[in-house]
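Worksheet: the structure to be examined is printed underneath.
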Amino acid sequence: MTVEQENRPGTTARSRTLTVSEVVQETKDSVSIAFEVPDEIVDDFKHLPGQFITLKIPSDQTGHVARCYSLSSSPHVDDFRLEIGVKRTAGGYASNWLCDNVSVGMEMTVLTPSGKFTAKSLDVDMLFFAGGSGITPILSLVKSALVSGSGEVVLFYANLDADSIMYERQLQQIRSEFPERFTLVDWLESENGIPTSEAVEKIIRDHKGSVIFTCGPSPFMDLVERSATACGVDHSDVHREVFQSLAGDPFDTATLRRLSDDEGVATATVY
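Numbering-wise, my numbering puts 153 at position 149 of the sequence shown, and it's gapless, one number per residue.
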């Protein structure tokens with residue numbers, strides 16, 4: 005399946021109001037937040053696996069701040085539902101506000117999906133490297149590839165310890181549903197130390213020919229890229245998620261108009 009043809013999103017950036025439908029405490033310092041999408045604006049939220057939405061978060065100092073959060077939900081599985089994962093970060097206003105204040109029934113202003121961390125096709129073997137909360141866009145891609153694609157899916161998921169694994173229940177369910185096509189490799193720093201080039205290169209060599217996706221802390225993604233290069237993987241077959249700061253307010257009318265002219269690509273700093 006060619007993803008762009010199957011579920012091509014609109015290219016006009018729009019600001020919409022969504023209602024929180026579920027909040028799940030994933031770990032002691034992370035939550036998943038789901039939004040229900042009303043029928044009348046479903047088309048505005050068509051998206052590709054791996055994309056993100058931008059939230060307008062209240063602030064006493066500035067009125068509001070804008071932050072991007074990757075979608076962990078899959079457009080091929082989770083109809084009319086958007087889900088993000090949020091992990092607290094030290095000094096991160098937005099992530100702490102969301103973890104402490106969001107509740108079911110709350111309305112939030114959301115910018116429609118954007119992002120280029122997507123797959124050209126789901127009918128290829130895929131090798132994913134996720135670090136911590138970097139699992140969010142990768143979970144969307146994993147679910148989409150298994151449900152609507154035909155290739156083998158391997159996920160290397162690095163976390164500090166067993167208690168810090170986000171979406172553990174979903175991942176175990178996926179493993180039980182797709183035992184022949186899905187392989188989950190858990191790496192816990194509390195037991196194995198930080199991921200090594202030897203470990204990453206071994207997995208890449210064991211799954212030669214797979215398209216590689218990585219999301220997580222910059223040093224982790226750098227390690228994956230270096231390892232892929234050492235294994236002779238073509239640069240075009242390695243994809244990493246990168247968020248950049250957006251000058252100005254992405255919810256400002258003039259900025260929305262400019263984003264629409266730029267094919268709907270909106271980026272903001274993640275905290």
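Ideal Cβ placement from N, Cα and C applies to all residues, glycine included.
Identify, in the order they occur along the chain, each residue of the same chain with its Cβ nearer than 7 Å to the Cβ of residue 186, setting aside the five sequence neighbours on each side. 150, 157, 178 and 179
Output needed for residue 229: all residues of its chain with C-beta closer than 7 Å, excluding positions within five of it in sequence on either side, in chain order. 242 and 244
Just the C-alpha distance for residue 277 and residue 227, rounded to the nearest angstrom, thanks. The question about residue 277 has no answer, for the chain in this structure spans 5 to 275.
Tell me, to the nearest whole angstrom, how far the beta carbon of residue 76 is from that of residue 90; I am working on the premise that it is less than 8 Å. With 8 Å as the limit, residue 76 and residue 90 do not qualify as a contact, their Cβ atoms being about 10 Å apart.
By how many angstroms is the C-alpha of residue 101 removed from the C-alpha of residue 113? One alpha carbon belongs to residue 113, the other to residue 101, and they sit about 15 Å apart.
Among 235, 224, 20 and 68, the one whose alpha carbon lies nearest that of residue 42: With distances taken between Cα atoms, residue 42 lies closest to 20.
Could you please give the first and the last residue of the uninterrupted beta strand (DSSP E) stretch that includes residue 39? 34 to 40
Taking the continuous alpha helix (DSSP H) assigned at residue 210, which residues delimit it? 201 to 210
Taking the alpha carbon of residue 176 as the reference point, which residue from 211, 143 and 197 has its own alpha carbon closest? Answer by Cα proximity: 143.
Proximal residues to residue 108 (C-beta, below 7 Å), its chain only, five neighbours per side dropped: 24, 25, 26 and 27
How many angstroms separate the CA atom of residue 47 from the CA atom of residue 84? 10 Å
Apply the 10 Å Cβ neighbour rule to residue 256 and answer buried if 16 or more other Cβ atoms are within range, or exposed otherwise. exposed
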